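Peer 1: Dropping the structure in here first, questions after.
Residue numbers (full-length UniProt numbering): 1 to 221.
What follows is the structure, given as structure tokens:
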């Protein structure tokens, strides 16, 4: 489905946020892939090229070249494959805006490869108007969900401590629980991951730390 100028102006008027990112031009296409990966790992979004940070619709002179460069970079640096739709929108007789509508990936996490030969990369996720590096815990949760892990666990002493801790700290981090209960950070992280996979906890990605909350259960009628 094509994107017209009216719809473009509506998107730009919303400003940058969880689902929208502006770029004046694709001067550093690999760096821009942070936004592409972050959108794919969250719930999708729009990468709009030819718009300034303050929402000025300036356009680019060679929209097809900008689109080609970004498409090639997505194919080379984003793994697994990212699905998207790409559009150009005429803003006057000489310039266009390039819009990439990035779809949420079914397979997560998506990585930005910094070393293609060794397949070394980083995963990012959108938090408000920023693309932040994904935590190891969130990566593990996403991988487990993609594999279809059921997340079965035995309710032991550590699980009991966590439930008691969360009664008084309904929104907490792995670090806070680890420090409070004197549990090694790695063990605490594994516990949070396991309970999130099992749908006991839900994770809220953050810029500095992820937060975890108990999943609210529906009351039986």
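Built from N, CA and C at the ideal position, the CB exists for glycine as well.
Everything numeric in this text was worked out from a predicted model, so none of it was measured.
1) Would you call residue 114 buried or exposed, if buried means 16 or more other Cβ atoms sit within 10 Å of its Cβ?
2) Do three or more CB pairs link the region 69 to 88 to the region 179 to 189 at distances below 8 Å?
3) With a 10 Å radius around its C-beta and 16 neighbouring C-beta atoms as the bar for buried, classify residue 87 as buried or exposed.
4) Can you check DSSP and say which residues form a bridge with residue 123?
5) Mind checking residue 47: buried by the 16 CB within 10 Å criterion, or exposed?
6) Looking at the unbroken beta strand (DSSP E) that takes in residue 131, where does it start and where does it end?
7) Have a look at residue 125 and residue 92 and give me their C-alpha separation to the nearest angstrom.
8) At what residue ranges does the region 31 to 74 contain a whole run of the beta strand (DSSP E), taking only runs of 3 or more?
9) Pop quiz: residue 73 and residue 110 are said to be a contact at Cβ under 8 Å. What is the actual Cβ separation, rounded to whole angstroms?
10) Using C-beta distances below 6 Å, list every residue in its chain close to residue 161, excluding the 5 sequence neighbours before and after it, in chain order.
11) How many angstroms separate the CA atom of residue 50 from the CA atom of residue 10?
12) Using a Cβ-Cβ cut-off of 8 Å (strictly less than) and excluding sequence neighbours within five positions of residue 210, which residues of its own chain qualify?
Peer 2: Result, derived from the coordinates:
1) Here residue 114 refers to the residue found at position 114 when the chain shown is read from its first residue. Answer is exposed; the Cβ neighbour count stays below 16.
2) no
3) As a first step, residue 87 must be located in the chain shown, where it is residue number 87. The residue is buried, with at least 16 neighbouring Cβ atoms inside 10 Å.
4) Counted from its first residue, the chain shown places residue 123 at position 123. Residue 123 pairs with 111.
5) Here residue 47 corresponds to residue number 47 of the chain shown, with the count starting at 1. Classification for residue 47: buried.
6) Position 131 of the chain shown, counted from the first residue, corresponds to residue 131. Residues 130 to 133.
7) Residue 125 sits at position 125 when you count from the first residue of the chain shown. Residue 92 sits at position 92 when you count from the first residue of the chain shown. The straight-line gap from Cα to Cα measures roughly 34 Å.
8) 45 to 49
9) The residue labelled residue 73 in the question sits at position 73 within the chain shown. The residue labelled residue 110 in the question sits at position 110 within the chain shown. Actually they are not in contact, since the Cβ atoms of residue 73 and residue 110 sit about 14 Å apart, beyond 8 Å.
10) Position 161 of the chain shown, counting from 1, holds the residue named residue 161. Contacts found: 181.
11) The sequence position of residue 50 within the chain shown is 50, counting from 1. The sequence position of residue 10 within the chain shown is 10, counting from 1. Residue 50 and residue 10: Cα-Cα distance of roughly 15 Å.
12) On the chain shown, position 210 is the one that residue 210 refers to. Excluding positions up to five away in sequence, the list reads 135, 137, 138, 173, 174, 203, 204.
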